[in-house]
Amino acid sequence: MRAVCEVCGVPKLIAKTHSWRDGCIVDNASGNANFCFYEVSFHNALFAKVGAELGMPLDNIILNAGRQASARVIEDLLSTHPLLGKIAFKAPLYHLTQKLLVDFGMSIGIGRIEILEHKKGKRGLLRYIDPYNLPHCTAILLGSMDVIYDNPVAITLREEEDGSFLGELKPVGKKDAVEDEAFLRLASEDLKPRRPAVTRELPACKKCGVPRDIGSLYSFDLEKGIITEQLNRERAVLLGVYSLNSILREFENELGRDIADLFIRKEEESFKKKLAVTLLAEELKDMQQIRDYCCLRGLGMLTEMVEEGDKTSFTIENAFIPPMVAGRFLALCEYRHGRSCGYDYSLHGNTLSLSVSPA
Ligand SMILES: [Zn+2]
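The working numbering numbers the first residue of the sequence shown as -19 and each following residue consecutively.
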């Protein structure tokens, strides 16, 4: 069996376990909004710049939030196949499960993982090539190991001369695990999309059911574990919505203030650069096109867009990472006006209201 759909090229593991609906990429088992497509350069610029501006390294927050989120995604994945979930961790099927998880990781673009040696409950050794972000990718590995072992695991990653990483896994006893307060607090929330006021059925691939534009927007290299956005050949990932969502909440907890504005401005900076060097803005001229853009990437459902003079107001339902959406809309308005803009931003549940006008 080929691992990608013969017609559109999307990994079958993704197509079988996820649906594009209500503006989100939804995990079929849990009904939660699971993934969004995100540019790796945006992800890394965001965390580098937010860390620099807040004057604190974010690695720990990323590690804790990403780990919980990853465990959550994998529990959902295994519950799609209840039988598999039950027998998955018993030898000899254990190796099949392990392969399934590695394949899944490579399908969502986390890089190439080779398991060099691994016995359940004992030490393991893996090689990791092209992680898109070391703390975040370590978190993903740890989260999946938490599920496999049902016990916390420690990992040390050592960079090799060829730029790959050798990772050594060691299970640690439950009582030795550092269950700090932040880790527990970072447990993911349910992110169930509601049926929005406006819906949009995206034309689907006849073979696998994924929106057919996905296969032309992105290419999936399952050997390397790399997703490439075709528009400008940049690397993208299917990023867990849980993890960014809980990272944002954790910032608020740590800092006692909302960092949405900081995130919005960073996202706007990155997206403005992208608009300047690609023809993407040509495809984002009207509401329908902008809505499709968001729906395909799992960013939420644009249900209203009103232009009054210079001011444009947007309503986006099921926006689980609202600053990401707001930053992109802000950049788009600035691109159109040819100058910087101010914005009003508010959230009611998961509905984002945003209005933008030239400063
Ligand atoms: Zn297909």
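The beta carbon of each residue, even a glycine, is placed where N, CA and C say it ideally should be.
Hey, out of the options, whose CA is closest to residue i's CA?
| i | options | result |
| --- | --- | --- |
| I207 | N12, L146, L(-7) and Y18 | Y18 |
| N298 | I270, S50, G289 and H328 | H328 |
| F231 | A(-17), F27 and T283 | F27 |
| S326 | R180, T292, P303 and K(-8) | P303 |
| I95 | S50, K102, K79 and D110 | K79 |
| N8 | D2, R1, T(-3) and F15 | T(-3) |
| G143 | V30, I109, G307 and E55 | I109 |
| A177 | I296, S21, V30 and V20 | I296 |
| V20 | V6, I90, D56 and F294 | I90 |
| M285 | S333, D201, I42 and L224 | S333 |
| L34 | N330, D266, L182 and E234 | E234 |
Only counting the same chain, and skipping five residues up and downstream in sequence, which positions put a Cβ closer than 8 Å to that of residue i?
| i | result |
| --- | --- |
| I(-6) | S87, I88, V190 and L218 |
| S199 | G(-11), I207, T208 and Q210 |
| H23 | Y112, N113, H116, V217 and L219 |
| F243 | L26, V30, L228, P303, M304 and G307 |
With residue i as the anchor, note down where its alpha helix (DSSP H) starts and where it stops.
| i | result |
| --- | --- |
| D341 | This structure does not reach residue 341, given that the chain is present from -19 up to 339, and the question cannot be answered. |
| D324 | That residue, D324, is in no alpha helix (DSSP H); its beta strand (DSSP E) goes C321 to H328. |
| L197 | R192 to L197 |
| I207 | Counting along the chain, I207 falls outside any alpha helix (DSSP H), though it belongs to the beta strand (DSSP E) covering I206 to E209. |
Check whether the Cβ of residue i lies closer than 7 Å to any Cβ atom in chain C.
| i | result |
| --- | --- |
| E232 | In the structure shown, chain C cannot be found, because there is only a single protein chain. |
Please indicate yes or no: does the CB of residue i lie closer than 6 Å to some heavy atom of ligand 1?
| i | result |
| --- | --- |
| V(-16) | no |
| K187 | yes |
| C(-12) | yes |
Starting from residue i, trace the beta strand (DSSP E) both ways and give me its first and last residue.
| i | result |
| --- | --- |
| R107 | G104 to I109 |
| D290 | Neither: D290 is in no beta strand (DSSP E) and is coded neither H nor E. |
| N14 | A13 to E19 |
| D7 | C4 to D7 |
| E94 | R92 to H98 |
| V217 | E214 to G220 |
Short of 6 Å in beta carbon distance, which residues of its chain neighbour residue i, apart from the five on each side in sequence? Order them along the chain.
| i | result |
| --- | --- |
| A134 | K150 and V152 |
| M(-19) | Low per-residue confidence applies at M(-19): pLDDT is 49, beneath 50, and the placement is therefore not dependable, though the value from the model is reported in the following sentence. Result list for M(-19): empty, nothing under 6 Å. |
| E139 | F145 |
| E97 | L105 |
| P338 | D290, H317, R319 and C321 |
| L136 | Reading off the sequence, residue 136 comes out as Thr, not Leu. So the list reads E148, once near-sequence residues are dropped. |
What does a CB cutoff of less than 7 Å around residue i pick up in its chain, not counting 5 residues either side in sequence?
| i | result |
| --- | --- |
| A184 | V190, P191 and R192 |
| P(-9) | A(-17), V(-16), S87, F200 and L202 |
Between residue i and ligand 2, is the CB less than 6 Å from at least one heavy atom?
| i | result |
| --- | --- |
| H(-2) | Ligand 2 is absent from the structure shown, which contains only ligand 1. |
So residue i and residue j are in contact, right, with Cβ under 8 Å, and what is the actual spacing, rounded?
| i | j | result |
| --- | --- | --- |
| D170 | N44 | Incorrect: roughly 19 Å between the Cβ atoms, too far for contact. |
| L282 | I270 | 6 Å |
| S124 | I194 | The pair is not a contact, with the Cβ atoms about 24 Å apart (cut-off 8 Å). |
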